[in-house]
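Q: The structure that follows is given in the form of structure tokens.
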Amino acid sequence: MLSKRVVACLDVRDGHLAKSVKFVNTQNIGDPVEKAREYYLDGLDELVFYDITASSDKRNIMLDVVESVASQVFIPLSVGGGIRSVADATDLRLAGAEKINVNSAAVARPDLINECSEAVGDQNIVLSMDVRRVAANAEQPSGFEIVINGGRTPTGRDALAWALEGENRGAGELVVNSIDADGTRDGYDIELTAMIAEAVRIPVIASGGAGLPEHLHQVLTQGKADAALVASMVHYGDYRVSGLKQYLHDQGLKIRMSW
Amino acid sequence: MTLILDYDAGNLGSVKRACAEVGLDAEFSSDPEALQHAERIIFPGVGAAGSAMRSLAARGLGPALRQAIAQGTPVLGICLGMQVSLEHSEENDTQTLGLIGGRVRRFQLNRPDLKIPHMGWNEVRVVQPHPVLAGIEPGDEFYFVHGYYPEPAAAEHVLAVTDYEGDFACALGKDNYVGTQFHPEKSGRVGLRLFENFAKWDGQWQPAGGADAK
Numbered sequence: 004m005l006s007k008r009v010v011a012c013l014d015v016r017d018g019h020l021a022k023s024v025k026f027v028n029t030q031n032i033g034d035p036v037e038k039a040r041e042y043y044l045d046g047l048d049e050l051v052f053y054d055i056t057a058s059s060d061k062r063n064i065m066l067d068v069v070e071s072v073a074s075q076v077f078i079p080l081s082v083g084g085g086i087r088s089v090a091d092a093t094d095l096r097l098a099g100a101e102k103i104n105v106n107s108a109a110v111a112r113p114d115l116i117n118e119c120s121e122a123v124g125d126q127n128i129v130l131s132m133d134v135r136r137v138a139a140n141a142e143q144p145s146g147f148e149i150v151i152n153g154g155r156t157p158t159g160r161d162a163l164a165w166a167l168e169g170e171n172r173g174a175g176e177l178v179v180n181s182i183d184a185d186g187t188r189d190g191y192d193i194e195l196t197a198m199i200a201e202a203v204r205i206p207v208i209a210s211g212g213a214g215l216p217e218h219l220h221q222v223l224t225q226g227k228a229d230a231a232l233v234a235s236m237v238h239y240g241d242y243r244v245s246g247l248k249q250y251l252h253d254q255g256l257k258i259r260m261s262w
Numbered sequence: 016m017t018l019i020l021d022y023d024a025g026n027l028g029s030v031k032r033a034c035a036e037v038g039l040d041a042e043f044s045s046d047p048e049a050l051q052h053a054e055r056i057i058f059p060g061v062g063a064a065g066s067a068m069r070s071l072a073a074r075g076l077g078p079a080l081r082q083a084i085a086q087g088t089p090v091l092g093i094c095l096g097m098q099v100s101l102e103h104s105e106e107n108d109t110q111t112l113g114l115i116g117g118r119v120r121r122f123q124l125n126r127p128d129l130k131i132p133h134m135g136w137n138e139v140r141v142v143q144p145h146p147v148l149a150g151i152e153p154g155d156e157f158y159f160v161h162g163y164y165p166e167p168a169a170a171e172h173v174l175a176v177t178d179y180e181g182d183f184a185c186a187l188g189k190d191n192y193v194g195t196q197f198h199p200e201k202s203g204r205v206g207l208r209l210f211e212n213f214a215k216w217d218g219q220w221q222p223a224g225g226a227d228a229k
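Chains as they are written, first to last, in this note's numbering: chain A, 4 to 262; chain R, 16 to 229.
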């Protein structure tokens, strides 16, 4: 059977590693290539780079980062942030990204999902969605709303409906990121993750809120996620990837334990 | 020189980078003539069987590959590059190269929690020793991304199996041809080991007899 995956996310701004807390303050915490290599050697199952570079003239730096990571890290590499066209996706694929994450631009123009999945294969297109809790209403019956632009802009779209639409349009996987939980280290939004994982037939990566090994276990069991995304808890050295995997394995989950 | 067959079958850079990492000097080529002189050939591929076969045909690569194999050149097929070595694929109802008897089928799963494509890390169990698979230990996992799986006609061609609601053949071998459903270039150190093994392989292999697969 497939193993549950531990995925590390590195936010990269202008070629440097940054970590956001509730998507607002970002701190520079080092060289992404070095960090990627460290996690790879420590048993990481998949790596996500998120480009949070604000200005478009610095976008090419990301291609260099992806290229140097891809030549040193031999696990699936997923890249997102600022992807607006098939050309953006293709450039990143050529630089060595396995999977392409689309987010805000897909909300603005959902056909982007279809176009990218046709161009690079649906298994390689990841719909990354930032979600916040709202009072359930006619527009957002699930009680969860899609937000964009790093969590700053509400869209009025219902999160569950958007996940299903993304799947229908050809996304091969979903990243479900709770912006309420993001950076808090208080645990993933289990209700949100389970709601979406039960509704779709593509894998779901849970994101936002990981602070303790128990949080990963919880989202991979109760939350029905296929993979758990971690950031701060490994970036600052509180936990090691191998330690998290050992914990999940000891709890009885199927985890890749030799690397 | 090792040639990586380039036939518009998706991004092949990761295969080349994995070769470089283990010191295997490899170049892309879509030239049928060059295949005849290659020391080794890697036949990668992502995408769909139908378009892959059309690209191979347009470049005259099918006969060239067949000839290289007849000459004894060691060949490694990966993912779709392996699948098209069988006779037929249910994907786009495609006639494929027929280097190995059997067909490629779409996963039909009963468990609702199992997803298609089969994507992620899964255990590879070697059922017949092979020089290219040397060093794979019980419990070692490789990275998979596929919705179709190979079903070789003869068990003697099955080198390894993986369980996804039942075992399917995840590595095939016949003479100097070896193919994997998983992606060794994305499978960490154990995947790189497979490229190292392939770099040293002389193309010799005999089935041990007796294998078990779906």
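Note that CB positions come from ideal geometry on N, CA and C, so glycine has one too.
By the 8 angstroms beta-carbon criterion, what residues does the region 191-223 of chain R contribute toward chain A?
A: The region 191-223 of chain R vs chain A, Cβ under 8 angstroms: Glu-200, Lys-201, Ser-202, Gly-203, Arg-204, Val-205, Gly-206 and Leu-207.
Q: Which of the three DSSP states, helix, strand or coil, is assigned to Thr-111(R)?
A: Here Thr-111(R) sits in coil by DSSP.
Q: Grab me the residues of Ala-308(A)'s own chain with a C-beta within less than 8 angstroms of its C-beta, minus the 5 sequence neighbours each way, in chain order.
A: With chain A covering 4 to 262 only, the question about residue 308(A) has no answer from this structure.
Q: Just to confirm the assignment: which complete beta strand (DSSP E) runs, minimum length 3, are found wholly within the region 42-88 of chain R?
A: If we require 3 residues or more, the beta strand (DSSP E) runs fully inside the region 42-88 of chain R come out as 55-58.
Q: Could you tell me which residues DSSP pairs with Met-198(A) in its beta bridges?
A: Answer by DSSP bridge pairing: none, since Met-198(A) is not bridged.
Q: Expressed to the nearest angstrom, what Euclidean distance is found between the alpha-carbon atoms of Val-51(A) and Asn-212(R)?
A: Approximately 30 angstroms between the Cα atoms of the pair.
Q: Grab the span of the alpha helix (DSSP H) containing His-220(A) for me, first residue to last.
A: Unbroken alpha helix (DSSP H) run through His-220(A): 216-224.
Q: Report the three-state DSSP secondary structure of His-19(A) (helix, strand or coil).
A: Strand at His-19(A).
Q: Please identify the residue among Val-134(A), Tyr-242(A) and Ser-235(A) whose C-alpha is closest to the C-alpha of Ile-193(A).
A: Ranking the options by Cα distance to Ile-193(A), first place goes to Val-134(A).
Q: Look at the alpha carbon of Ile-78(A) and the alpha carbon of Trp-262(A), and state the distance between them as a whole number of angstroms.
A: One C-alpha to the other measures close to 11 angstroms.
Q: List, in chain order, every chain R residue whose beta-carbon is nearer than 9 angstroms to that of Ser-6(A).
A: The answer, in chain order, is Gly-135, Trp-136, Asn-137, Glu-138 and Glu-156.
Q: Got a sec? Which residues, its chain only, sit under 7 angstroms from Thr-156(A) by beta carbon, not counting five neighbours each side?
A: Result list for Thr-156(A): Val-150, in chain order.
Q: If you measure between the beta carbons of Cys-94(R) and Gly-60(R), is that distance less than 8 angstroms?
A: Cβ atoms of Cys-94(R) and Gly-60(R): closer than 8 angstroms.
Q: When we look at the beta-carbon of Asp-14(A) and count the other beta-carbons within 10 Å, is it buried (16 or more) or exposed?
A: Buried, because 16 or more other Cβ atoms sit within 10 Å of the Cβ of Asp-14(A).
Q: Per DSSP, what kind of secondary structure is Thr-56(A) in: helix, strand or coil?
A: Correct three-state label for Thr-56(A): coil.
Q: Have a look at the DSSP bridge pairing and note the partners of Met-132(A).
A: Val-179(A), per the DSSP bridge assignment.
Q: Considering Ala-150(A), what are the terminal residues of the beta strand (DSSP E) in which it resides?
A: Checking the sequence shown, residue 150(A) turns out to be Val, not Ala. Its beta strand (DSSP E) spans residues 147-151.
Q: Any chance you could list the alpha helix (DSSP H) runs of at least 4 consecutive residues sitting entirely within the region 93-164 of chain R, in chain order?
A: Segments of the alpha helix (DSSP H) lying fully in the region 93-164 of chain R: 95-98.
Q: Would Arg-32(R) pass as an interface residue toward chain A - the criterion being a Cβ-Cβ separation below 8 angstroms?
A: Closer than 8 angstroms: yes.
Q: By the criterion of Cβ-Cβ separation under 7 angstroms, what are the contact partners of Asp-48(A) in chain R?
A: Ordered by position in chain R, the residues that pass the 7 angstroms Cβ test against Asp-48(A) are Trp-136.
Q: Identify the contact partners of Ser-74(A) in chain R, using a Cβ-Cβ distance below 8 angstroms as the criterion.
A: What Ser-74(A) touches in chain R: Arg-32, Ala-35 and Glu-36.
Q: Look at the alpha carbon of Phe-26(A) and the alpha carbon of Arg-96(A), and state the distance between them as a whole number of angstroms.
A: Annotation note: pLDDT 48 at Phe-26(A) (below 50); position unreliable, coordinate value reported separately. Looking at the two C-alpha atoms, the distance is approximately 26 angstroms.
Q: Which full runs of the alpha helix (DSSP H) of 4+ residues lie inside the region 149-174 of chain A, going along the chain?
A: As far as the region 149-174 of chain A is concerned, its whole alpha helix (DSSP H) runs of at least 4 residues are 162-172.
Q: For Pro-132(R), go through chain A and note every residue whose CB falls closer than 8 angstroms to its CB, in chain order.
A: Correct list: Gln-126 and Gly-175.
Q: Beta carbons nearer than 7 angstroms to chain R: which residues of the region 92-105 of chain A have them?
A: Listed in sequence order: Arg-96, Leu-97, Gly-99 and Glu-101.
Q: Here's the rule: buried if 16 or more other CB atoms are within 10 angstroms of the residue's CB, otherwise exposed. What is Tyr-22(R)?
A: Answer is buried; the Cβ neighbour count reaches 16.
Q: So, do the region 168-176 of chain R and the region 136-150 of chain R have three or more beta carbon pairs nearer to each other than 8 angstroms?
A: Short answer: they touch.
Q: Give me the chain R residues within the contact set of Pro-79(A), using Cβ-Cβ distance strictly less than 7 angstroms, ordered along the chain.
A: The answer, in chain order, is Tyr-158 and Lys-201.
Q: Alpha carbons only, please: which of Arg-40(A), Asp-17(A) and Ser-71(A) is nearest the one belonging to Asp-54(A)?
A: For the residues Arg-40(A), Asp-17(A) and Ser-71(A), the minimum Cα distance to Asp-54(A) belongs to Asp-17(A).
Q: For the beta strand (DSSP E) containing Asp-178(R), list its first residue and its last residue.
A: Start and end: 173-178.
Q: Could you check what DSSP says for Pro-167(R) in three-state terms: helix, strand or coil?
A: Reduced to three states, the DSSP call for Pro-167(R) is strand.
Q: Select from Leu-219(A), Leu-130(A), Ala-11(A) and Val-72(A) the residue whose C-alpha is nearest the C-alpha of Leu-167(A).
A: Nearest option by C-alpha distance: Leu-130(A).
Q: Count the other C-beta atoms from every protein chain shown that fall within 10 angstroms of the C-beta of Ala-85(R), then say buried if there are 16 or more, exposed otherwise.
A: By the neighbour-count rule (16 or more Cβ atoms within 10 Å), Ala-85(R) is not buried but exposed.
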